[in-house]
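**Q** In our numbering, the protein residues as written are 39 to 528. The beta-carbon is built from N, C-alpha and C at its ideal position, and this holds for glycine as well. These numbers were taken from a predicted model, which means no experiment stands behind them. Questions regarding the structure given below will be posed in turn.
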Amino acid sequence: MALDLNDIRIGVIGLGYVGLPLAVAFAERFSVIGYDIAKERIDTLRLGVDPTGEVSSAELENAKRLEYTDDFSKIADTQFIIVCVPTPVDNHKRPDLTYLLNASKAIGRSLVRGTTIVFESTVYPGCTEHDCVPVIERESGMRLNEDFWVGYSPERINPGDKEHSFTTIRKVVSASSPEALELVDAVYGSVVTAGTYRTASIQVAEAAKVIENSQRDLNIAFINELALLFHRLGIDVGEVLEAAGTKWNFLPFKPGLVGGHCIGVDPYYLTHKALEIGYHPEVILAGRRINDGMGRFLAGECIRLLIDAGRPLKGANVLILGLTFKENVSDIRNTRIVDIVDELQSFGINTVVIDPLADPEQAKHEYGIILNSLDATSRCDAAILGVAHDCFRSIDASLWETLLEAGAPILDLKGVLNRSDLISAGFRYWRLGTSPQSLPKKRDLSQRGRIEVDVVHVGEKTKSEVDEEPKLIGANKAGIKSGSYRSSFE
Ligand SMILES: NC(=O)c1ccc[n+]([C@@H]2O[C@H](COP(=O)([O-])OP(=O)(O)OC[C@H]3O[C@@H](n4cnc5c(N)ncnc54)[C@H](O)[C@@H]3O)[C@@H](O)[C@H]2O)c1
Numbered sequence: 039m040a041l042d043l044n045d046i047r048i049g050v051i052g053l054g055y056v057g058l059p060l061a062v063a064f065a066e067r068f069s070v071i072g073y074d075i076a077k078e079r080i081d082t083l084r085l086g087v088d089p090t091g092e093v094s095s096a097e098l099e100n101a102k103r104l105e106y107t108d109d110f111s112k113i114a115d116t117q118f119i120i121v122c123v124p125t126p127v128d129n130h131k132r133p134d135l136t137y138l139l140n141a142s143k144a145i146g147r148s149l150v151r152g153t154t155i156v157f158e159s160t161v162y163p164g165c166t167e168h169d170c171v172p173v174i175e176r177e178s179g180m181r182l183n184e185d186f187w188v189g190y191s192p193e194r195i196n197p198g199d200k201e202h203s204f205t206t207i208r209k210v211v212s213a214s215s216p217e218a219l220e221l222v223d224a225v226y227g228s229v230v231t232a233g234t235y236r237t238a239s240i241q242v243a244e245a246a247k248v249i250e251n252s253q254r255d256l257n258i259a260f261i262n263e264l265a266l267l268f269h270r271l272g273i274d275v276g277e278v279l280e281a282a283g284t285k286w287n288f289l290p291f292k293p294g295l296v297g298g299h300c301i302g303v304d305p306y307y308l309t310h311k312a313l314e315i316g317y318h319p320e321v322i323l324a325g326r327r328i329n330d331g332m333g334r335f336l337a338g339e340c341i342r343l344l345i346d347a348g349r350p351l352k353g354a355n356v357l358i359l360g361l362t363f364k365e366n367v368s369d370i371r372n373t374r375i376v377d378i379v380d381e382l383q384s385f386g387i388n389t390v391v392i393d394p395l396a397d398p399e400q401a402k403h404e405y406g407i408i409l410n411s412l413d414a415t416s417r418c419d420a421a422i423l424g425v426a427h428d429c430f431r432s433i434d435a436s437l438w439e440t441l442l443e444a445g446a447p448i449l450d451l452k453g454v455l456n457r458s459d460l461i462s463a464g465f466r467y468w469r470l471g472t473s474p475q476s477l478p479k480k481r482d483l484s485q486r487g488r489i490e491v492d493v494v495h496v497g498e499k500t501k502s503e504v505d506e507e508p509k510l511i512g513a514n515k516a517g518i519k520s521g522s523y524r525s526s527f528e
């Protein structure tokens, strides 16, 4: 399989957030064929436009050695194939390998002896060798490490992040044989300026990627749990984190919704693998539960504020600023803003969603959400700033006055608005921990879990004295039941 780097043509399968920047970077050094199953995507790229906004038109224009195609047979002309297709989860949060296995099938059908195939899609440990390779072998009739080789090199880019890019992030590389690893390392090493890191096996590289995002998910889950706790205590979690952050080794995570194609999805790949081998992952799933419940909790706080303001819920209008999964990107995949929308709508509340960065057709297709524009919006009863796009941060008090009824609550989920300006303008400003007055009336916590004392005389003794298993009422009755939205956090 000894190949001269100068002879290599690279095929990239899947030209999305990951595949396109990678194809453009490789085109600096190699001749590259970029294939995508979506014809309209190929047409747009040929016009010099990347709909994801990750690659500029100038960069596309400069990538002279990159050819786009929706004809898979052109991939057969390449000796080094890189697979960058989606790996989502299904409705049951189980890995959906459809795209990956379809790509493997297509590769197998037109495989040329001597080809190396590197997978970049995020998967669980063992997926490349136990799921993809058998499909390639079956479709091609060829054998791994005799006729073709595989590698795994996880992608670590962060959409919207211009500092950490494909070439400036150290690249983890792995392969099915030592010779293949030499080649994979040499190919990536020739364009990735940050260098490469070789792992001892493909499974180590797969596991390393999936734990990077699982770790992030868990760290945020811990901070979300603190936010839920401190909010109940009426303590501003932002202030607590700022104070704790003065210690050198305190990690700077913030509370919030965890969406997107990676952080909220990848942990399920790991838990799937764990369950498959009979290990029940507790910590990872606990983190997922907390993070997946944040949308309902936040919607519940909005409902509480509407009730406090005396506004009937049915027919109330709530303005929601932001739909994408994070600030200043157009990606709406797995956005958890939809949990807020769904929860509010389940109470008969109308939601008015604004996001100039999101694609209206995609929003409608994926979530049934019709995007509105700010100027066409009539005054709403409350607002939720859900995504801190630059364009929302700059909304000033006078614009808020045209958007909302007087005194309306504004829930600043990202803590980026000018609190004192909004309060001076008469709005009710809310962020996690800042509205102790809107918490449920203080209960005597000593009553929580107290033993019910039924004073029923049984001979000389009261019933409470003879019951061996006294009934606990506090835990149920004093538990917060003011809205179903709270129950998952109790
Ligand atoms: N987006 C990120 O920031 C990021 C970061 C690290 C890792 N990843 C991982 O990289 C992989 C790709 O993610 P993405 O964000 O680029 O996805 P994406 O949806 O932006 O792009 C995937 C592309 O693959 C195409 N595609 C699907 N099936 C195909 C097939 N059989 N043949 C050819 N093309 C096909 C789609 O049309 C789409 O254009 C996923 O496994 C993801 O978890 C993503």
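Give the secondary structure of Asp45 by DSSP, where H, G and I count as helix, E and B as strand, and everything else as coil.
**A** Position 7 of the sequence shown, counting from 1, holds the residue named residue 45. Helix.
**Q** Can you list, in chain order, the stretches of the beta strand (DSSP E) that have 3 or more residues and sit fully within the segment 186-273?
**A** Qualifying beta strand (DSSP E) stretches, in chain order: 187-190, 209-213, 234-236.
**Q** When the distance is taken between beta carbons, is Leu83 closer than 9 angstroms to Tyr55?
**A** For this step, residue 55 is matched to residue 17 along the sequence shown. For this step, residue 83 is matched to residue 45 along the sequence shown. For Tyr55 and Leu83, no; Cβs fall outside 9 angstroms.
**Q** Could you check how far apart the C-beta atoms of Glu339 and Ile370 are, in whole angstroms? I think they sit under 8 angstroms.
**A** Counting from one through the sequence shown, the residue named residue 339 turns up at place 301. Counting from one through the sequence shown, the residue named residue 370 turns up at place 332. With a Cβ gap of about 23 angstroms, Glu339 and Ile370 do not count as contacting.
**Q** Following the continuous alpha helix (DSSP H) through Asn388, name the residue where it begins and the one where it ends.
**A** Translated into positions along the sequence shown, residue 388 becomes position 350. Asn388 -> not in any alpha helix (DSSP H); beta strand (DSSP E) instead, spanning 388-392.
**Q** Identify whether Thr415 lies in helix, strand or coil by the three-state DSSP scheme.
**A** By one-based count along the sequence shown, residue 415 stands at place 377. Thr415: coil per DSSP, three-state reduction.
**Q** Quick check on this structure: which residue in Leu135, Ser178, Ala446 has the alpha carbon closest to the alpha carbon of Cys165?
**A** In the sequence shown, residue 165 corresponds to position 127, counting from 1. When each option's Cα is compared against that of Cys165, the closest is Leu135.
**Q** Among Glu381, Asn262, Val229, Leu139, which one has its Cα closest to the Cα of Arg208?
**A** The sequence position of residue 208 within the sequence shown is 170, counting from 1. If we check each option's Cα against that of Arg208, Val229 comes out closest.
**Q** Whole angstroms are fine: how far does the CA of Gly189 sit from the CA of Val222?
**A** Translated into the one-based positions of the sequence shown, residue 222 becomes position 184. Translated into the one-based positions of the sequence shown, residue 189 becomes position 151. Distance between the alpha carbons of Val222 and Gly189: 7 angstroms.
**Q** Given 8 angstroms as the limit, tell me if Cys429 has its C-beta closer than that to any heavy atom belonging to ligand 1.
**A** Within the sequence shown, numbered from 1, the residue matching residue 429 stands at position 391. No, the beta carbon of Cys429 sits no closer than 8 angstroms to any heavy atom of ligand 1.
**Q** Go through its chain and collect everything with a Cβ distance to Ala444's Cβ below 8 angstroms, but skip five positions before and after it.
**A** Stepping through the sequence shown from its first residue, residue 444 is reached at position 406. For Ala444, where only same-chain residues beyond five positions count, the Cβ hits under 8 angstroms are Gly464.
**Q** Do the segment 389-400 and the segment 352-360 meet, that is, are 3 or more Cβ pairs less than 8 angstroms apart?
**A** With a cut-off of 8 angstroms, the segment 352-360 and the segment 389-400 count as touching, because enough Cβ pairs lie within range.
**Q** Excluding the 5 residues flanking Cys170 on each side, which residues of the same chain have their C-beta closer than 6 angstroms to its C-beta?
**A** Here the question's residue 170 lines up with position 132 in the sequence shown. Excluding residues within five positions, the ones whose Cβ falls inside 6 angstroms are Ser142.
**Q** Just how far apart, CA to CA, sit Thr160 and Asp304?
**A** In the sequence shown, the residue the question calls residue 160 occupies position 122. In the sequence shown, the residue the question calls residue 304 occupies position 266. Each residue's Cα considered, the two are about 7 angstroms apart.
**Q** To which residues does DSSP link Val161 through a beta bridge?
**A** Along the sequence shown, one-based indexing puts residue 161 at 123. Paired residue(s): none; Val161 is not in a bridge.
**Q** What does the Cβ neighbour count give for His427, buried or exposed, with the cut at 16 atoms within 10 Å?
**A** If you number the sequence shown from 1, residue 427 lands on position 389. By the neighbour-count rule (16 or more Cβ atoms within 10 Å), His427 is buried.
**Q** Could you check the C-alpha separation between Asn262 and Pro293 for me, to the nearest Å?
**A** As a position in the sequence shown, residue 262 is number 224, starting the count at 1. As a position in the sequence shown, residue 293 is number 255, starting the count at 1. Each residue's alpha carbon lies about 5 angstroms from the other.
**Q** List the residues that DSSP assigns as beta-bridge partners of Tyr73.
**A** The residue labelled residue 73 in the question sits at position 35 within the sequence shown. Paired residues: Ile51, Thr107.
**Q** Give me the Cα-Cα distance between Ile80 and Lys364, rounded to the nearest whole angstrom.
**A** Stepping through the sequence shown from its first residue, residue 80 is reached at position 42. Stepping through the sequence shown from its first residue, residue 364 is reached at position 326. So the alpha carbons of these two residues sit roughly 26 angstroms apart.
**Q** Have a look at Ile75, Glu250, Ile119, Val127 and flag the residue whose alpha-carbon is nearest the alpha-carbon of Ala61.
**A** For this step, residue 61 is matched to residue 23 along the sequence shown. Of the listed residues, the one whose Cα sits closest to Ala61 is Ile119.
**Q** By how many angstroms is the C-alpha of Arg431 removed from the C-alpha of Val454?
**A** The residue given as residue 454 occupies position 416 in the sequence shown. The residue given as residue 431 occupies position 393 in the sequence shown. Distance between the alpha carbons of Val454 and Arg431: 6 angstroms.
**Q** Alpha carbon to alpha carbon, how far is Ala421 from Lys402?
**A** Along the sequence shown, one-based indexing puts residue 421 at 383. Along the sequence shown, one-based indexing puts residue 402 at 364. Taking the straight line from one Cα to the other gives about 21 angstroms.
**Q** Count the other CB atoms within 10 Å of the CB of Arg327; is the residue buried (16 or more) or exposed (fewer)?
**A** To locate residue 327, count along the sequence shown from 1; it is residue 289. Classification of Arg327: exposed, given that the 10 Å Cβ count is below 16.
**Q** What does Phe118 pair with, by DSSP beta-bridge criteria?
**A** Position 80 of the sequence shown, counted from the first residue, corresponds to residue 118. Its beta-bridge partners are Ile48, Thr154.
**Q** How should Glu201 be labelled, buried or exposed, when 16 other C-beta atoms within 10 angstroms of its C-beta is the threshold for buried?
**A** Along the sequence shown, read from residue 1 onward, the residue named residue 201 stands at position 163. Classification for Glu201: exposed.
**Q** Check for me: the alpha helix (DSSP H) holding Arg326 runs from which residue to which?
**A** Translated into positions along the sequence shown, residue 326 becomes position 288. Segment 320-346, the alpha helix (DSSP H) holding Arg326.
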